[in-house]
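Yeah, the sequence shown ends on 686 if you go by the working numbering, and it's all consecutive. Okay, so here's the structure we're looking at.
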Amino acid sequence: MTDRSTVHDVTYDLLRSLGLTTVFGNPGSTEQTFLQHFPDDFRYVLALQEASAIAMADAYAQTIRGPALVNVHSSAGLGNSIGNLVASYHGHTPLIVTAGQQHRELVIGEPYLGNRDATTMPKPWVKWSYEPFRAEDVPEAFMRAYATAVQPPAGPVFLSIPLDDWNCPLEGPAVLRSVSWTYAPDPERVREFADRITASERPALVLGPDVDRAGGWDAGVALAERMKAAVYSAPLADRGSFPEDHPLYRGPLGLSVKAVGDRLTGHDLVVVVGAEVFRYYPYVPGEILPAGTQLLHVTQDPATASAARVGDSLLGDPRLTLEALAESVGDGAGRVQPEPMTRPRDLPKTQSSPLTPTEVYAALSTVRPEHAVFVNESTSTMTEHAQWLPTVEPESFFATASGGIGWALPAAVGVALGDRERGLSRPVVALIGDGSFQYSIQGLWTAVQQRLPIVYVVMRNHEYSILKSFADLEKTPGVPGLDLPGLDIATLARGFGCRSVDVEDTAELEKEFTAAVDAGSTSVIVVTTAPQKISL
151 MTDRSTVHDV
161 TYDLLRSLGL
171 TTVFGNPGST
181 EQTFLQHFPD
191 DFRYVLALQE
201 ASAIAMADAY
211 AQTIRGPALV
221 NVHSSAGLGN
231 SIGNLVASYH
241 GHTPLIVTAG
251 QQHRELVIGE
261 PYLGNRDATT
271 MPKPWVKWSY
281 EPFRAEDVPE
291 AFMRAYATAV
301 QPPAGPVFLS
311 IPLDDWNCPL
321 EGPAVLRSVS
331 WTYAPDPERV
341 REFADRITAS
351 ERPALVLGPD
361 VDRAGGWDAG
371 VALAERMKAA
381 VYSAPLADRG
391 SFPEDHPLYR
401 GPLGLSVKAV
411 GDRLTGHDLV
421 VVVGAEVFRY
431 YPYVPGEILP
441 AGTQLLHVTQ
451 DPATASAARV
461 GDSLLGDPRL
471 TLEALAESVG
481 DGAGRVQPEP
491 MTRPRDLPKT
501 QSSPLTPTEV
511 YAALSTVRPE
521 HAVFVNESTS
531 TMTEHAQWLP
541 TVEPESFFAT
551 ASGGIGWALP
561 AAVGVALGDR
571 ERGLSRPVVA
581 LIGDGSFQYS
591 IQGLWTAVQQ
601 RLPIVYVVMR
611 NHEYSILKSF
621 ADLEKTPGVP
631 GLDLPGLDIA
641 TLARGFGCRS
651 VDVEDTAELE
661 KEFTAAVDAG
671 STSVIVVTTA
681 PQKISL
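This is how it looks when you write it as C-alpha cells:
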C-alpha cells in the first residue's frame, strides 16, 4: 500500500469542490478505473442505456440550475448517447460527459473498445471535446470542462480519458478556479433597443426557453406589462417562460415560416428574447416578417444571433436584459392593451371511445395537482396541452429541445431527482406518446430504484400521428412503419416495477391519476386515444 495520491484522488477532490458529486451513467470496462473506490459522499445514478443517462442528467441540471456529470462507455456508449446529447446542446444544458478510452499502450493498434477519433465523435453537439495528452492533465481537463460548460451559452462538453490514467501518481490539489455564469448587456445597446420599443405602436414580445433557464420569468412579465405588448411563446419551446393564463398572452407563434409571419401581422415591432429567430419545423413558405415589421433579438448566444435571418441583435443574459429594458422603456400609456386570447374548450356531448386527446387533457385539467411540473413528449398533442394545462409557474414545463424522441421519460427522472436535491416536493407528470415511450422505456427502472414520485400518462393511439400529418403535408402516401400495433405498455411497465394500469374513459383516468399522485411512487397510466391529424 502507498499513501501517494493518484489522478483518481486529485480528480475526485476537484469534483467534490465543484459540487459534482452525482454521476449519471452506465458503466463499461473502460470506465471502471474511474469508478473504482467510489466515495461514500458521491451518488451514482444508474441508467440502463446511455441515452437515458444523458436525458436524466440534462433535466437534473436544468432543475438544479447547475452542471451535471455523465459517464458513458467508450465509442459505442457515446454513440448511444448522442441522440439526447443533441437536445442538451440545443437546450444550453451544462453537462460534462466523460467516456473511457482504451489503455494508452494499446490505442495505437486500434484495440477493441478503442475510440478511434474520440474528440471528433460527439461534434458538433458539444462546446469542447478533449482527450488529455498526459495522465497528469486529467484534473485540469475537468476544470476546463466545467468552466466551458457553465459559461454562456452553457452547453455540454466531452472528455475522453484512457483507462490507465486514473492510477497514475499525482500530487494535489488541482487548481480550482471560479468563472462567471452570466454577462450583462451593453448599456448603450439597451438604451437603443428601449428607445425603439418606446416608439413602437403595436409591439409583440416573444419569450423563448432561455428566459426561464435564466430565471427571467418575473422580468419578462414586468417588461410585457410595461410595454402593454402581446406576448407569444417561441416556436417549439422546450421551456415555458411566461404565465399562459396572463391577459397579455397570445399563444405560441406557430411552426412554419408562413405561420409565424401570419401570426405577427399587425405588429410594427417584434422583440424576441431567449429564442432563435425562428425555429421552424415544416416547410411552408412565406415571409419571415410581415412588410413594415421590425425585429429586435436578445440572446446570450452569438451563434444564435448570427444565424437569425432578420433583425438586430443584443447580446446579454436574458434576465439581466429584460430587467434593464423594463427600467428603460416608456410605460406604453398610449397603447391599446391587446385583447385576451380566446380559449375555446369544446368537448363532445357524448364521450368518445376511444378518447380524443382533447378529452384526455380536459380530464387531467380537472385533477391537476397544485405546483405540478409537466414533461411532455407527445408531439401531436402539444396544442391540447397548451389549451388545457397552461404553464402558470416558472420551471414547470419541460420538453426536448432537439426534435428527437426518447428524452422525456428519463428526463422526468432527472426533474424528480433535482427537486429532491433542492428540497422541493412537486408532482412530476410526464405526458408521452406510445411511440416516444418505447425509445427510453428502460428509464422506468431508474425511476423505481430511486423511489421517485412520477406519474407517466401514456397516450396510446397505435401510430406515429405526427408523421402521418407530415405525410399529408408532404404528399407522400404509402410511407411504411407509421403504425404501432401490439404494444402492451402497462405490462412492460410492471416488468420494471411500476404501478401501472390501462384506462378507457375519463372517469377512470381521473380516478387513477389522483391515486397515482397520492401514491408517491412511479406510476404508468396508459390511456387509449383516437389518432388525430394536426394542422401544420
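Beta carbons are placed, not taken as given, at the ideal position from N, Cα and C, and that holds for glycine.
For residue i: DSSP bridge partner residues
i	result
residue 604	578
residue 419	353, 444
residue 380	354
residue 308	247, 279
residue 399	381
residue 462	446
residue 598	Beta-bridge pairing links residue 598 to no other residue.
residue 264	Note: residue 264 sits in no beta bridge, so no partner.
residue 219	173, 246
residue 319	156
residue 583	609
residue 485	Looking at the DSSP assignment, residue 485 forms no beta bridge with any residue, so it has no partner.
residue 429	Note: residue 429 sits in no beta bridge, so no partner.
Nearest residue (CA-CA) to residue i, options the options
i	options	result
residue 248	281, 623, 255, 266	281
residue 338	572, 428, 474, 634	474
residue 408	425, 419, 421, 429	429
residue 257	201, 245, 208, 314	314
residue 670	648, 354, 682, 677	648
residue 140	682, 336, 295	Residue 140 lies beyond the range of the chain shown here (151 to 686); nothing can be said about it.
residue 692	274, 492, 311, 606	Since the first residue of the chain shown is 151 and the last is 686, residue 692 is not available in this structure.
residue 560	164, 590, 537, 318	590
residue 488	672, 426, 379	379
residue 395	194, 490, 572	490
residue 283	300, 263, 302, 255	255
residue 665	603, 492, 643, 595	603
residue 492	323, 646, 400, 562	400
residue 461	495, 423, 467, 433	423
residue 219	267, 179, 268, 164	164
residue 668	605, 278, 418, 485	605
residue 662	607, 684, 617, 627	607
residue 178	263, 404, 405, 443	263
residue 504	153, 242, 654	654
Sequence-distant residues of its chain with Cβ nearer than 8 Å to residue i (five each side left out)
i	result
residue 276	235, 239, 247, 305, 306, 307, 308
residue 569	213, 523, 575, 576, 578
residue 511	531, 534, 535, 537, 538, 539
residue 506	498, 679, 680, 682
residue 191	166, 171
Residues near residue i by beta carbon distance below 7 Å, same chain, minus five either side
i	result
residue 509	497, 501, 502, 656
residue 167	326
residue 435	407, 408
residue 271	225, 228, 265
residue 389	359, 362, 363, 547, 548
residue 660	513, 516, 517
residue 693	Residue coverage of the chain in this structure runs from 151 to 686, which leaves residue 693 outside it and unanswerable.
residue 571	214
residue 643	594, 650, 674
residue 438	407, 411, 459, 460
residue 151	Reliability of the predicted coordinates at residue 151 is poor, the pLDDT of 40 falling under 50, and the value obtained from them is presented with this limitation in mind. Nothing listed; no residue qualifies.
residue 598	646, 647, 648, 672
residue 611	584, 679, 680, 681
Proximal residues to residue i (C-beta, below 6 Å), its chain only, five neighbours per side dropped
i	result
residue 343	446, 464
residue 426	454
residue 558	525, 527, 580, 582
residue 652	640, 676
residue 174	195, 203, 206, 207, 220
residue 629	621
residue 614	585, 632
Worksheet entry | Segment contact, 8 Å Cβ cut-off, at least three pairs: the stretch 344-364 with the stretch 472-480 | With the rule of 3 Cβ pairs closer than 8 Å, the stretch 344-364 counts as touching the stretch 472-480.
Fill in: Three or more C-beta pairs below 8 Å linking the stretch 440-456 and the stretch 384-393
The stretch 440-456 makes no contact with the stretch 384-393, as fewer than three CB pairs between them are under 8 Å.
Worksheet item: Would you call the stretch 544-558 and the stretch 361-372 in contact, with 3 or more CB pairs under 8 Å?
Response: Between the stretch 544-558 and the stretch 361-372, the count of C-beta pairs closer than 8 Å reaches three or more; the two stretches touch.
Discussion item. Going residue by residue through the stretch 491-576, where are the continuous beta strand (DSSP E) segments of at least 3 residues, counting only ones entirely within it?
Written reply: Along the length of the stretch 491-576, whole beta strand (DSSP E) runs at least 3 residues long occupy 523-527, 547-549, reported in chain order.
Worksheet item: Quick one: any contact between the stretch 581-600 and the stretch 620-627, if contact means 3 or more CB pairs under 8 Å?
Response: No, the stretch 581-600 is not in contact with the stretch 620-627.
Worksheet entry | Touch test, the stretch 182-196 against the stretch 157-165, Cβ-Cβ under 8 Å, three pairs minimum | Verdict: yes, contact present.
Discussion item. Could you tell me which whole beta strand (DSSP E) segments of length 3 or greater appear in the stretch 607-682?
Written reply: If you keep only unbroken beta strand (DSSP E) runs of at least 3 residues inside the stretch 607-682, you get 649-653, 673-678.
Practice prompt. Would you check if there are 3 or more beta carbon pairs closer than 8 Å linking the stretch 316-326 to the stretch 284-292?
Written response: The answer is yes - the stretch 284-292 touches the stretch 316-326, with three or more Cβ pairs under 8 Å.
Worksheet item: At what residue ranges does the stretch 153-197 contain a whole run of the alpha helix (DSSP H), taking only runs of 4 or more?
Response: Runs of the alpha helix (DSSP H) inside the stretch 153-197: 157-167, 182-185.
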